[in-house]
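With the first letter of the sequence shown counted as 1, position 78 gets the number 78 in the numbering used here; the numbers rise by one all the way through. Don't be surprised by glycine CBs; every beta carbon is placed ideally from N, CA and C. Keep in mind that this is a model prediction, so the values were computed, not measured. Shown next, in structure tokens, is the structure this report addresses.
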Amino acid sequence: MPIEPQCDRCGGYEDVFHALGGCVKAQVVWEQWEFSSHMSGSTLEEVFSKLRDIQSAKCITEFGVIAWDIWNDRNASLWQRRNQIGLMIYRSAMQFLDE
1 MPIEPQCDRC GGYEDVFHAL GGCVKAQVVW EQWEFSSHMS GSTLEEVFSK
51 LRDIQSAKCI TEFGVIAWDI WNDRNASLWQ RRNQIGLMIY RSAMQFLDE
């Protein structure tokens, strides 16, 4: 089944960077995060570089879990037509980290 390069959530051109950070829905999730000011960049490499410079295991761990939850929500939206609001995606990631 071919997949269109259009974001199912906002209609923008979808690549990995868009899905994890460029999409309006992903941005709502990242805005909740205490390290969100480090999320600016035009490529994933730039974002990773900024996060690495913080040198915080907490930051890197939270980034990975939040990104994973955003990606899972994107897939649920695409394949199962299920959607969570951005705040719930963020809370789900933080709850996972607390367990």
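| Item | Value |
| --- | --- |
| Straight-line Cα distance separating Y13 from I54 | 30 angstroms |
| Cβ-Cβ distance between V29 and G86 below 9 angstroms | yes |
| CB contact check: Q55 to chain B, cutoff 9 angstroms | Note that chain B does not occur in the displayed structure, where there is just one protein chain. |
| Whether M79 touches L20 by CB criterion (9 angstroms) | What sits at residue 79 in the sequence shown is Trp, not Met. It is not a contact, given that the beta carbons lie outside the stated cut-off. |
| Between the CA atoms of E99 and Q6 - distance to the nearest angstrom | 35 angstroms |
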